[in-house]
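Chains as they are written, first to last, in my numbering: chain W, 12 to 378; chain C, 410 to 755; chain H, 64 to 210; chain P, 84 to 235; chain G, 379 to 532.
We put the CB at the ideal spot given by N, CA and C, even for glycine.
Here the structure is a predicted model, which is why all the values come from computation and not from measurement.
Each remark here refers to the structure printed beneath this line.
Given below as structure tokens:
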């Protein structure tokens, strides 16, 4: 057809969640062809990782999934600690779980607010950010910064968790579920919201697997795959929680999965916060001035469940103080590749809604 | 005594013709100023209201409680560079925002505001067919939006304009039918039911109570006309950048912006006149205009809440909704009103 | 115990009721207290671990260059400073470029004498792109920088 | 029959199969039939004199994870796009970063950088001192300019 | 006031315009990377940039006065950034938020990051930090307001 309108959406577009560019072929309102063009936030993190010490690489990982930086740190350290042979002490592992799950809540809250904005709901965004702000305050107490924490280090965490912070987390966990339900009801009791999401953007199980999709999107399509369950890292196997799964595969299912994940994360934090054992929070093998002298050889792949999906870090070491090759399996990079298949022959408004449920974070896609 | 007569009393030394001309002019300017002030107040109210709904404070740096915020905005917009895109269609591009504003301002003039006891009637003009006139004037605005979208040669703007028109087409008919019901009910009591004032005098009981379906339909139509969020397909902030007004800068954009808020004020004023008794008020009609605006502001606040808490409907679903649900419901409303009027003699 | 839980879609219910409920929820917040902290007048309580700007104790610095090595992007460069300090034989001190500093705190962590440390001063914005602070500027008392 | 050159365990306990490049497609097809339905990752590693490509496979049903490794001297590897759709973007990324060409990929172009970018950044011999910058033509497409001088 | 000849009226108008501009900075919704989330937080309830009249984040560059470059500007993004800047009407202001856009930040050694957005567009205020806290960004916006009114020396 020759009468298709070509439209460049992005890289600057209010609902692209960053710098995605979509080259659309439009037939009126209906999208006939989609070509995602990425790389507008390609920050050469993998190259820089090769040029820096292991302990410095955390800086680049923090900035990958910038809304869930703790999860990124966990992912990198899972790999790096195996490569370097430094085991974090028990206490550090529990602290990491608490931090990672709190950050998962924060990341999902950002997504939920932004998704509301995509659909034109202005107010839930603010309620989500009010809740997120409470989590960030805890993180400031814990690590010192709001977003890019650099909190975990090889062999443990930089700073110990204090009883005051534990009290604050408990307080947050106590009041949060009520607020969450209130925000969720703004979405889920809304007929317009439901009509725009139910049965839309359905991803079949086979398609999802073939495209390598992971995380909430895969679980919404009926595969109960979660790294925390299949290959427990840290101390997740000592915790009691559920992996949400849905068979529908549509936008609404993805929303429900993420909502349930927030609830489960609350449950995890609630358990983990009481179970933090006493002991050192740092492996003395990696402490202080030793930290730039750690050497690693061999190759290690570690996968973790970030808030977006399976986050894998592949590190090849050649025995030096710097990694030889670092490659990141970024979940949203894979998830985005399914967009042309899903949003084809839908309306522009639907494309925006579908993109919204994908929870794109470009620091991670482009790296 | 009306405002015009008082003005003529001052200018009567100019003779009949010139005196009336001058009084009309001054009255028009007064109206413009009052409406402009009201709109500024509305936008300020909206920003404060939105902030409070979101547990924020809103503008509070310029003036007491940020009351001069809109003046600052106006100064800034006046001083902005006005960009005309190189591929525009010149005439419609320039005219479109004015059409929106002119349609709005003219429609305001025709609404009866009643009388304040120390000034007298402040209704500007009186027409025997003011209902029809108002809705005809309001129909200029979507044309302005369409022109704006088409003439700016921007794909987002074009899509936004097309959506806006599709939206307008699908709620206009139900709105007109619900208006017809009002006129029908009034025609049983007054001889000139197309006159806004006699519509008010015909309301022995507020029509909103007698026609719950009608007021509901009209409210939806009002929000849709103002393109507030469930129905802001034309603007679609997150999808089409800024819809039909994407290419507009400075004061031209401000005209669209004011038009958006003005429409909701106009719609609420109309609704309060048509369904809630207008200036006749619950207790006393001697402060008529104040009653009109109290009712209007309450309606405006409700529509702000609608705007801020609901997501956008997809355009095809709204067209569907308009023709499949709103239209039948408005027919049912018409039939019910017919039964009430003819059968029960209300 | 990690189980699998099937999530269910929200039930279909009468149209409009939920929407009006949602609007009521939003409207309810009109009567709640705003959470805004009015920044220039009121300040949020900064937790004691909050860190932003680097400071230096000139007397403690031994010029070991560890901070320069560990800095991920070379924000820290050692500068010769003519200053009597028996512990710092080489007479080199770090200067910091805040135009690249990522506030990663590695320098504070690795410093053997705790000479370099981060504080909660965050009002550092400028209208010109010059953010390289010499060792003397870094050593200025916090209060002076805060104004 | 597919010949496995070497089978070893990585430092993280995952089995690594080193196979010949010519056997890759056949081996992968076998593995896919065995239930390894998730191609998780394709990583190229520049070993200076040869290029190494690692494929990470996962089976949802069996919860097993394997790594398949091939080496190449001439920068070409068969493409897996016929087996997994996810190979599409992964291979484009590796082509962009390391210059490994995947035979049979229908649309092998750069992922992150514009087509005219000189060199493949993750190669060990990539010269970071040669500054390139990107311009945009009037149609919104990118092209890289090579600037031996200061540049950006 | 640039020349000594401007009359009282023009001075007053200038003052009024400066006052209007400085108190009504409508930012462009322009999120690039990590800092964009903090920019959203500034919009959020705890920090509430709307107090300074900057609450309306316009999506269209045609209607915005302030571009907060929030996050890394890569070489691929730089031409787009330039184009967006060109689309904005005068008077327009740019805040460089975060160290990535000031001098390259963590990516200063890499190949694909523009080392300072001031090489692409003129920048009015630089707000360092990685990312700057919302308070720091608010301070940056206040600095810009002062700069517009001609009060700052920083």
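What residues from chain W crowd round residue 214 (chain P), counting only those whose CB sits closer than 9 Å? Near residue 214 (chain P) there are no residues of chain W at all, since even the closest Cβ is about 13 Å away, more than 9 Å.
Nearest to residue 220 (chain W) (by Cα), restricted to the options P:98, P:122, P:85: P:122
Which value, in whole angstroms, describes the spacing of the CA atoms of residue 97 (chain W) and residue 172 (chain W)? 21 Å
Between residue 526 (chain G) and residue 503 (chain G), is the Cβ-Cβ spacing less than 7 Å? no
What is the DSSP secondary structure of residue 34 (chain W), counted as helix, strand or coil? strand
Apply the 10 Å Cβ neighbour rule to residue 723 (chain C) and answer buried if 16 or more other Cβ atoms are within range, or exposed otherwise. buried
Where the beta strand (DSSP E) containing residue 211 (chain P) begins and where it ends: That residue, residue 211 (chain P), is in no beta strand (DSSP E); it is neither H nor E in DSSP.
According to DSSP, simplified to helix, strand and coil, what is residue 78 (chain W)? coil
Strictly below 7 Å CB to CB, what residues from chain D border residue 415 (chain G)? Considering every chain present, this structure includes no chain D. Its protein chains are W, C, H, P and G.
Which runs of the alpha helix (DSSP H) spanning at least 4 residues fall entirely within the segment 123 to 197 of chain P, listed in chain order? 170 to 181
C-alpha distance - residue 18 (chain W) paired with residue 223 (chain P), whole-angstrom precision: 11 Å
Any beta carbon of chain W sitting closer than 7 Å to that of residue 430 (chain G)? no
Select from the segment 192 to 217 of chain W all residues with a C-beta closer than 8 Å to any C-beta belonging to chain C, and list them in chain order. 197, 201, 203, 204, 206, 207
To which residues of the same chain is residue 642 (chain C) closer than 6 Å at the C-beta, ignoring the five residues directly before and after it? 572, 576, 724
In chain W, which residues lie less than 7 Å from residue 484 (chain G) when you measure between Cβ atoms? 70, 71, 74
Have a look at the DSSP bridge pairing and note the partners of residue 227 (chain P). P:217
What distance in whole Å lies between the Cβ atoms of residue 542 (chain C) and residue 519 (chain C), which are believed to be in contact at a cut-off of 8 Å? 6 Å
Output, in chain order, the set of chain G residues within a Cβ distance shorter than 9 Å of residue 211 (chain P). 487, 488, 489
Quick one, are the C-beta atoms of residue 154 (chain P) and residue 133 (chain P) less than 7 Å apart? yes
With residue 163 (chain H) and residue 486 (chain G) assumed to form a contact (beta carbons below 8 Å), what rounded beta-carbon distance in angstroms separates them? 5 Å
Proximity to residue 508 (chain C) [Cα-Cα], best of C:613, C:668, C:673: C:668
What is the DSSP secondary structure of residue 141 (chain H), reduced to helix, strand or coil? strand
Cβ-based neighbour list, residue 367 (chain W), same chain, cut-off 6 Å, excluding 5 preceding and 5 following: 126, 129
For a contact defined as C-beta to C-beta under 9 Å, what are the partners of residue 509 (chain G) on chain W? 77, 156, 157, 158, 159
Beta-carbon spacing of residue 118 (chain W), residue 79 (chain W) below 7 Å: yes
Residue 229 (chain W) versus residue 108 (chain H) - alpha carbon distance: 42 Å
Within chain C, partners of residue 81 (chain H) - CB distance below 7 Å: In chain order: nothing, as chain C lies at least about 11 Å away.
With DSSP collapsed to three states, give me the class of residue 522 (chain C). coil
For residue 696 (chain C): DSSP bridge partner residues: C:525
Compare the C-beta of residue 461 (chain C) against all C-beta atoms of chain H and say whether one is closer than 7 Å. yes
Assuming residue 408 (chain G) and residue 445 (chain G) form a contact by the criterion Cβ under 8 Å, report the distance between their Cβ atoms to the nearest whole angstrom. 6 Å
Evaluate residue 495 (chain C) with the Cβ neighbour count: other Cβ atoms within 10 Å of its Cβ, from every protein chain shown; 16 or more gives buried, anything less gives exposed. exposed
With 7 Å as the threshold, decide whether the Cβ of residue 440 (chain G) is near any Cβ in chain W. no
Residue nearest to residue 121 (chain H) in terms of C-alpha spacing, selected from H:174, H:185, H:186: H:174
Give the residues of chain G in contact with residue 197 (chain H), contact being defined as C-beta atoms less than 7 Å apart. The premise fails here: residue 197 (chain H) is roughly 16 Å from chain G at the closest Cβ pair, so nothing lies under 7 Å.
Taking 7 Å as the CB-CB limit, is residue 319 (chain W) close to chain P? no
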